[in-house]
Each structure stands twice: as structure tokens, then as C-alpha cells.
Amino acid sequence: MKALLPAFAVALALTGCSFVQMGYNQLDRLIAWRLDDYLPMYSAQRAVVEPAVTRLVDWHCATQLPAYSAWLRTVDADMRSGLSVARANAHIDQALGFGHEIARRAAREVGPLMVGATPAQIEAFNKRMKKSNRDYVEDWVPAQLALIDDWARDVRSNGEDGMESRRRWQAALADVLARRNAERDAVISDLETLFVSPGNVFTPGYSAAFDANRARAAEALSALSASLTPAQRKHLQNEAASLIADIEQIACRRSESSLQARS
């Protein structure tokens with residue numbers, strides 16, 4: 042389920058290439074594939090999940106992409122005119138807010154359809170999550186880990202905090218997915234909490250590190266804005282305009298399901 046959010050990030054990345062429309066229109070298939078990769082679905086389950094994912098993507102296109110364009114214009118203007126730490130924090134809040142909106146919608150639209158997983162499905166889910174955790178660690182070579190630790194020693198907790206927080210979140214999600222005869226509203230509420238407020242199950246050290254890293258990111262963005270040369274500001278403006286144009290060129294589907302999903 043958590044794979045929904047990276048999938049939407051992929052959609053945004055696609056806006057930087059010439060295959061924007063084609064890539065975005067395949068997003069529902071990508072999300073369904075990723076869901077099936079983490080929690081193998083049986084045919085009857087897939088038959089209801091896939092249309093729900095399509096409705097989710099249609100809602101995202103119709104309601105969220107216009108907000109992204111407006112936000113990017115504001116970010117561009119602030120970066121070129123001089124981004125204060127307060128404004129950087131506001132933009133970080135907005136970016137997190139976009140993610141929260143997607144998470145809430147996913148919890149309502151798709152989440153309940155994934156609940157009631159069989160023991161075999163939960164076993165497959167846990168194995169996939171363990172592999173994901175191994176990949177998360179193995180992607181970093183020792184020299185890179187040392188550089189990261191040197192850079193962030195004053196603001197982040199140790200790697201064990203991060204891994205333990207991942208495990209706690211994954212275990213909580215597996216618990217929700219394994220429920221039988223659960224009330225829909227209770228499932229939606231618990232999934233929203235996991236997706237929107239994952240810090241509730243994180244270790245105290247990891248939660249503190251997240252807050253500290255966020256503050257440092259705002260300061261870094263402000264400093265970067267102040268350091269831009271006139272040529273860099275012009276380049277940033279051109280890049281932002283190109284990205285906004287790509288987003289606004291995406292043609293949303295106008296199916297009945299997408300109209301219902303906008304409500």
C-alpha cells in the first residue's frame with residue numbers, strides 16, 4: 042500500500058520528459074502492479090482493486106495536478122526573489138500536504154479493498170517487506186554511509202532507529218490488512234493514520250530526527266535561494282515554466298468514475 046506514494050512521485054518525475062501524457066495515463070497500471078508486488082492479489086480482489094486505483098488516479102489528475110502547477114509557480118517566484126526560512130517551511134508544509142491528500146484518498150478508495158488478506162498473502166507481504174528493508178540498506182556502500190553520517194550527525198538518529206521505525210510501520214500495516222470482518226470506517230481511519238501520520242509508530246529518536254532534518258532542509262533552501270546568480274535564476278525560471286507546462290498538458294480522463302472520484 043505504501044507503494045502508492047512512490048508511484049505518484051514517479052508520475053511527477055515523468056513530467057520532465059516528452060512522454061508525459063502516455064506515462065501518466067499508465068499510472069493506474071503501475072500502481073496496481075506495485076500493489077500486487079507487495080500483496081499478491083487473487084482474481085476477485087484484483088477485479089475490484091484495479092478500478093478503484095483508476096478512480097484514484099483520475100481524482101488525482103482532476104483535482105491535484107492544477108494545485109501542483111499553482112504551487113510550482115509560487116515556489117519559482119520565491120526562489121528567484123529570495124526564499125526566507127519561513128517561506129521554505131510553508132512550501133515544505135504544502136508538499137507534505139499534497140502527500141497527505143493522496144494518502145487519505147488512497148485509504149478511502151483502495152485501502153478497504155485490500156483488507157481481509159489471507160495468511161498466505163500476509164506471509165508474502167512480510168517477505169516482500171523484509172526484502173525491501175534489505176535493499177534499503179544494501180543500496181548504500183560503506184563510504185556513502187560514512188558521508189551521510191558526517192553530514193547529518195547533528196540532526197538524525199542512528200540507522201537502527203530508522204530501520205526499527207520501518208519495521209514498526211510495516212507490522213502495523215500488516216495487522217490492518219489481515220483483519221477479517223472489520224468495519225469499513227475503522228479500517229479507513231487506521232489506514233489514514235498510518236499513511237498520514239506514520240510518526241505515531243516511529244521511535245522517538247527517528248521522529249526527532251525527521252523534525253530536525255526538515256528544519257535543516259528549510260534553512261538550506263533559503264541559503265540556496267540567496268546564493269543564486271542571475272543566470273541561475275533565469276535557468277530556474279525556464280525549468281519551472283517547462284515543468285508547469287508539462288503538467289498542464291496532461292489530459293485527464295473524463296469517465297463517469299473520474300467524475301464520481303472528484304467528489
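Residues in the sequence shown are numbered consecutively from 42, following the numbering used here.
From the three backbone atoms N, C-alpha and C, an ideal C-beta is built for every residue, glycine too.
Note down the Cα distance separating residue i from residue j, rounded to an integer number of angstroms.
| i | j | result |
| --- | --- | --- |
| GLY140 | ALA161 | 31 Å |
| ARG220 | VAL156 | 6 Å |
| GLU142 | ALA267 | 31 Å |
| ILE189 | ARG257 | Note on ILE189: pLDDT 49, under 50, position unreliable in the model; no value is reported. |
| TRP100 | SER283 | 24 Å |
| SER238 | SER122 | 33 Å |
| GLN211 | ALA272 | 46 Å |
| SER248 | GLY240 | 6 Å |
| GLU91 | ILE163 | 20 Å |
| SER278 | ARG255 | It should be pointed out that residue 278 corresponds to Gln in this sequence rather than to Ser. Rounded to whole angstroms, GLN278 to ARG255 spans 25 Å at the Cα level. |
| ALA261 | SER125 | 10 Å |
| ARG149 | ILE229 | 6 Å |
| ASN130 | ARG225 | 35 Å |
| SER84 | ALA136 | 36 Å |
| ASP78 | PHE166 | 8 Å |
| VAL242 | ALA213 | 8 Å |
| GLU233 | PRO153 | 11 Å |
| ASP119 | HIS132 | 10 Å |
| THR115 | MET82 | 42 Å |
| ASP287 | GLY203 | 35 Å |
| GLU201 | ALA250 | 12 Å |
If you run the structure through DSSP and keep just helix, strand and coil, what is residue i?
| i | result |
| --- | --- |
| VAL90 | helix |
| PHE243 | coil |
| PRO160 | helix |
| ARG149 | helix |
| CYS102 | helix |
| ALA127 | helix |
| MET204 | helix |
| PRO81 | coil |
| ALA292 | coil |
| GLN67 | coil |
### Task
Could you tell me whether the region 100-112 touches the region 168-177, using the rule of 3 or more Cβ pairs below 8 Å?
Touching, no, given that fewer than three Cβ pairs across the two stretches are closer than 8 Å.
### contact_flag[the region 85-98, the region 62-75] where n(CB pairs < 8 Å) is 3 or more
Touching, yes.
### Entirely enclosed alpha helix (DSSP H) segments - the region 211-287, minimum 4 residues
Whole alpha helix (DSSP H) segments, 4+ residues: 225-237 and 245-268.
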